[in-house]
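J.:
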Amino acid sequence: MTSIQSRHIDNVYAIATRAAPAEAPASLVHQSWARCVRDHGLDPSKPTPARILPAADVRAHQQQLEHFLRTARAGMEDMYRRVADLGYMVLLTDAEGITVDYIGHPAWDDQLRKAGLYLGADWNEAHAGTCGVGTCLVERAPMTCHQTEHFDATHIALTCTTAPLFDHGGKLTAILDVSALHSPEAKESQHLVRHLVAIYARMIEDADFLRHFRGHWILRLGRAHGLVEVAGEAMLAFDEGGTIVGANGGARQAFGSHDGAGPAGLVGCAVAELLHMPMEAVWCLGHGALPFAQMLQLPNGEYEASLLAPRVRRPAAPATSAARPTDRLPPLEHIAGEDPVMRKLLAQARRLVDRGIHVLIEGETGSGKEVLARALHGASQRAAMPFVAVNCASIPESLIESELFGYTPGSFTGGRSKGMKGLIAQADRGTLFLDEIGDMPLSLQTRLLRVLAEGEVLPLGGESPQRVDLAVIAATHRRLPALVADGRFREDLYFRLCGAVLQLPPLRARQDRRHLVETLFHEEAASMGSRARLSEAAMQRLLAHGWPGNLRELRNVLRRALALCAGDRVDVDELQLPALAADAPHAAPTQAAPGAGPDAMQLVELLRRHRWHVAKAAAELGVCRATVYRHMKRHAIVPPSRL
């Protein structure tokens with residue numbers, strides 16, 4: 007033992023055993039020395055050799071951090087490249103102080119192992135005494151334990167700089183450590199290293215946060231204006247309903263909740279309420295199109311905001327009629343606006359969630375039936391499971407049976423060699439949305455009735471049925487009782503589907519049309535990267551329109567107007583609204599005739615403009631193709647190709 011080590015032992019023992027003056031609290035290092043003697047029974051005169059765990063025990067510790075280790079390794083390698091030439095090595099321990107990964111120069115392997123800077127080394131304060139890792143586990147903050155600050159005399163040549171890493175729930179997960187076998191005597195020489203370790207610890211934390219919540223929306227907040235996309239300090243993960251499901255350390259600090267308290271004060275909160283803005287404005291943060299929504303004033307300063315869309319989607323059916331992966335699941339409370347009828351309807355809908363009741367949504371084309379269905383799914387306990395939408399009117403009758411029920415290999419000529427899982431089976435444990443249920447062929451209604459009654463689906467060519475657990479929501483713009491009376495819809499299926507009926511009002515009957523126009527305009531402007539505003543004259547023209555295509559037509563009109571707008575304001579000219587028979591300017595919109603559409607001349611002109619492409623004409627009107635065909639039949643319009 008050297009004289010330096012002897013003096014160190016005497017110094018540690020003297021400070022660790024003396025009573026601290028009441029007026030001067032001990033330093034973190036001296037507090038740790040006292041813990042080592044008082045609580046852990048360590049003797050500074052008896053240096054302890056490095057404790058290296060057997061390989062099997064190390065693997066057990068590594069397995070508990072399997073996904074985290076992959077993320078951390080990338081950060082460790084990048085940091086090591088920056089410090090290797092200065093004589094440093096990098097190691098990572100778990101929350102028990104066991105080294106689960108390390109990177110060091112191969113030429114120093116023996117020295118690193120002897121010093122305990124090695125895979126499997128135990129750096130818990132109870133064994134190793136005061137050290138970078140062990141004391142950081144106690145203090146939960148970045149620190150440097152430099153040379154003679156170590157408890158054990160065999161460690162006094164080392165310098166160790168550490169930072170804690172917390173998981174998405176605020177739980178201490180690991181310690182990141184940069185150490186050197188030899189270093190300058192002054193502790194200040196490690197100042198920049200300490201900042202570097204803290205930065206990389208946050209980078210690893212954030213990378214793990216992004217990985218864990220890759221299927222959720224993530225709001226990134228940063229005080230370095232213009233750099234939030236690459237250097238966001240605070241992150242909030244929230245679901246499609248706007249409920250916060252995770253917060254990183256930066257977010258807990260930004261909103262006044264510190265690491266020690268965990269994220270409990272944020273998880274479960276509505277992100278819109280936390281930010282004091284409507285949810286529609288939160289969605290717009292993802293596009294940077296609303297300058298007034300980009301800067302947020304938080305308790306500890308002003309932040310720039312950016313919204314990151316989910317990178318992994320919930321399972322969805324791949325068929326043309328299945329749930330589109332870009333659709334959001336809107337929260338129930340954000341689709342009602344201020345209309346009293348919608349408020350009442352949404353209050354009823356909320357009480358139906360998770361009650362095992364099939365729901366039938368009635369409403370005109372484009373009135374928001376699928377939006378309501380998705381909101382019901384998003385508010386339920388099935389929100390994390392598939393939402394599979396099936397448009398019974400858009401799938402050819404010859405294919406709808408195989409699309410819905412699937413088929414086994416070799417069931418029919420032209421089928422996939424491995425068979426196909428039907429849309430009903432794909433919705434297992436989730437929600438099956440049957441849009442335009444009134445257009446389902448009678449032959450399939452019988453099979454659907456069996457699925458609803460027995461909870462089983464039998465694919466074409468199959469011999470044994472498959473159990474399915476479904477929440478079923480059906481929707482129609484037709485009067486099903488009339489179809490039942492005409493023999494075109496099974497009465498028993500009707501009563502099975504209409505456990506509860508929700509009647510959506512048409513857009514012309516809603517009292518919150520101005521709010522809806524403003525909301526959809528902001529959404530479309532954001533999605534197109536436009537900063538244009540809507541003039542009051544254009545607003546009045548929109549409010550006076552009859553909207554036979556309802557919300558779908560409104561959204562298409564706004565999208566077209568924004569595309570045509572060359573300046574910073576959308577005016578009446580950009581709206582290009584067709585003079586529909588349902589229009590009644592300056593009159594009560596509720597007096598418009600239900601289902602009214604363009605007159606014969608307007609429809610012919612529209613079809614000619616689109617070269618008789620019905621789908622494009624329907625898109626401009628904001629209605630489905632079936633509606634255009636009905637208008638053509640009513641006006642006896644025949645395409646030139648059929649003359």
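Start counting the sequence shown at 7; every next residue gets the next number (this note's numbering).
Where is the CB? At the ideal position from N, CA and C, for every residue including glycine.
1) In whole angstroms, give me the CA-to-CA distance for residue 219 and residue 279.
2) Just the C-alpha distance for residue 453 and residue 208, rounded to the nearest angstrom, thanks.
3) Flag this pair as yes or no: are the beta carbons of residue 302 and residue 281 separated by less than 9 Å?
4) Any heavy atom of the ligand SAM closer than 8 Å to the CB of residue 609?
5) Could you check whether residue 57 and residue 22 sit closer than 9 Å to each other, using their CB atoms as the reference points?
6) What would DSSP say about residue 373, mapped onto helix, strand or coil?
7) Can the beta-carbon of residue 211 be found less than 9 Å from the beta-carbon of residue 228?
8) Helix, strand or coil for residue 170, going by three-state DSSP, please let me know.
9) Under the three-state reduction of DSSP, which class applies to residue 308: helix, strand or coil?
10) Which residue wins for smallest C-alpha separation from residue 622, given the options 102, 562, 513, 11?
11) Between the alpha carbons of residue 641 and residue 551, how many angstroms are there, rounded?
12) Looking at the unbroken beta strand (DSSP E) that takes in residue 501, where does it start and where does it end?
13) What separation, rounded to the nearest whole angstrom, lies between the Cα atoms of residue 124 and residue 145?
14) For residue 455 and residue 428, which I take to be in contact (beta-carbon distance under 8 Å), what is that distance rounded to the nearest angstrom?
15) Kindly give me the distance between the Cβ atoms of residue 105 and residue 92, rounded to whole angstroms, as I take these residues to be in contact under 8 Å.
16) When DSSP labels each residue in this structure, what does residue 265 get in the three-state scheme?
17) If you reduce the DSSP assignment to three classes, tell me which class residue 536 lands in.
18) Just curious, the beta strand (DSSP E) that residue 95 is in, first and last residue?
19) Pull the bridge partners of residue 439 from the DSSP assignment, please.
20) Over the uninterrupted beta strand (DSSP E) stretch that includes residue 185, give me the two end residues.
21) Hey, out of 482, 502, 525, whose CA is closest to residue 509's CA?
22) Return the Cβ separation of residue 556 and residue 513 in integer angstroms, given the expectation that the two are a contact with Cβ distance under 8 Å.
23) Is residue 525 helix, strand or coil when you go by DSSP?
24) Alpha carbons only, please: which of 559, 176, 169 is nearest the one belonging to residue 185?
25) Report all residues from its chain with a CB closer than 7 Å to the CB of residue 583; omit the five preceding and five following residues, and keep chain order.
26) If you reduce the DSSP assignment to three classes, tell me which class residue 259 lands in.
27) Do you know offhand how far residue 99's Cα is from residue 20's?
28) Just the C-alpha distance for residue 213 and residue 128, rounded to the nearest angstrom, thanks.
29) Nearest CA to the CA of residue 441: which residue from 370, 471, 42?
30) From residue 149 to residue 206, what does the alpha carbon distance come to, in whole angstroms?
31) Residues in the same chain with beta-carbon distance under 8 Å from residue 103, minus the five sequence neighbours each way, listed in chain order, please.
T.: A quick look at the data gives this:
1) Here residue 219 corresponds to residue number 213 of the sequence shown, with the count starting at 1. Here residue 279 corresponds to residue number 273 of the sequence shown, with the count starting at 1. Those two C-alpha atoms are separated by around 21 Å.
2) As a first step, residue 453 must be located in the sequence shown, where it is residue number 447. As a first step, residue 208 must be located in the sequence shown, where it is residue number 202. Answer to the nearest angstrom: the Cα atoms are 55 Å apart.
3) For the purposes of this step, residue 302 is taken as residue 296 along the sequence shown, with counting starting at 1. For the purposes of this step, residue 281 is taken as residue 275 along the sequence shown, with counting starting at 1. Going by C-beta atoms, residue 302 is nearer than 9 Å to residue 281.
4) Absence of the ligand SAM from the depicted structure is noted, as is the absence of any ligand whatsoever, leaving it without description.
5) Counting from 1 along the sequence shown, the entry for residue 22 is found at position 16. Counting from 1 along the sequence shown, the entry for residue 57 is found at position 51. Their beta carbons are not under 9 Å apart, which means residue 22 does not touch residue 57 by this criterion.
6) Within the sequence shown, the letter at position 367 stands for residue 373. Residue 373 falls in the coil class under three-state DSSP.
7) By one-based count along the sequence shown, residue 211 stands at place 205. By one-based count along the sequence shown, residue 228 stands at place 222. No; because the gap between Cβ atoms is not below 9 Å, this pair is not in contact.
8) In the sequence shown, the residue the question calls residue 170 occupies position 164. Three-state DSSP puts residue 170 in a strand.
9) One-based indexing of the sequence shown puts residue 308 at position 302. In this structure, residue 308 counts as strand in the three-state DSSP scheme.
10) Against the sequence shown, residue 622 aligns to sequence position 616. Among 102, 562, 513, 11, the Cα nearest to that of residue 622 belongs to 562.
11) Walking along the sequence shown from the start, residue 641 turns up at place 635. Walking along the sequence shown from the start, residue 551 turns up at place 545. If I take the Cα positions, the gap works out to 22 Å.
12) As a position in the sequence shown, residue 501 is number 495, starting the count at 1. Residue 501 -> not in any beta strand (DSSP E); alpha helix (DSSP H) instead, spanning 497–503.
13) Sequence index remark: in the sequence shown, residue 124 carries index 118 (1-based). Sequence index remark: in the sequence shown, residue 145 carries index 139 (1-based). One C-alpha to the other measures close to 23 Å.
14) As a working note, residue 455 is residue 449 in the sequence shown. As a working note, residue 428 is residue 422 in the sequence shown. That pair is no contact at about 16 Å.
15) By one-based count along the sequence shown, residue 105 stands at place 99. By one-based count along the sequence shown, residue 92 stands at place 86. Actually they do not touch by this definition, with Cβ atoms about 21 Å apart.
16) Translated into positions along the sequence shown, residue 265 becomes position 259. Residue placement at residue 265 cannot be trusted, given a pLDDT of 41 that sits under 50; what the coordinates show is reported in the next sentence. Residue 265 falls in the helix class under three-state DSSP.
17) Taking the sequence shown and counting its residues from 1, one reaches residue 536 at position 530. Coil, per DSSP.
18) Numbered from 1 along the sequence shown, position 89 holds the residue referred to as residue 95. Per DSSP, residue 95 belongs to the beta strand (DSSP E) from 94–100.
19) The residue you call residue 439 lines up with position 433 of the sequence shown. Beta-bridge pairing links residue 439 to 395, 479.
20) Indexing the sequence shown from 1 puts residue 185 at position 179. Note, residue 185: beta strand (DSSP E), 178–186.
21) Here residue 509 refers to the residue found at position 503 when the sequence shown is read from its first residue. Residue 482 is the option with its Cα nearest to residue 509.
22) Here residue 556 refers to the residue found at position 550 when the sequence shown is read from its first residue. Here residue 513 refers to the residue found at position 507 when the sequence shown is read from its first residue. Residue 556 to residue 513, Cβ: 4 Å. Contact.
23) Position 519 of the sequence shown, counted from the start, is the residue given in the question as residue 525. Helix at residue 525.
24) Numbered from 1 along the sequence shown, position 179 holds the residue referred to as residue 185. When each option's Cα is compared against that of residue 185, the closest is 169.
25) Reading the sequence shown from its first residue, position 577 is the one you call residue 583. Excluding sequence neighbours, residue 583 sits near 547, 551, 563.
26) Start at 1 with the first residue of the sequence shown, and residue 259 comes out as number 253. Here residue 259 sits in helix by DSSP.
27) Counting from one through the sequence shown, the residue named residue 99 turns up at place 93. Counting from one through the sequence shown, the residue named residue 20 turns up at place 14. Spanning the two alpha carbons is a distance of roughly 31 Å.
28) Counting from one through the sequence shown, the residue named residue 213 turns up at place 207. Counting from one through the sequence shown, the residue named residue 128 turns up at place 122. Computed Cα separation, rounded: 26 Å.
29) Indexing the sequence shown from 1 puts residue 441 at position 435. Comparing Cα-Cα distances from residue 441 to each of 370, 471, 42, the minimum goes to 370.
30) Position 143 of the sequence shown holds residue 149. Position 200 of the sequence shown holds residue 206. Taking the straight line joining both Cα atoms gives about 14 Å.
31) Position 97 of the sequence shown, counted from the start, is the residue given in the question as residue 103. The answer, listed in chain order, is 128, 129, 130, 131, 133, 134, 139, 140, 143, 181.
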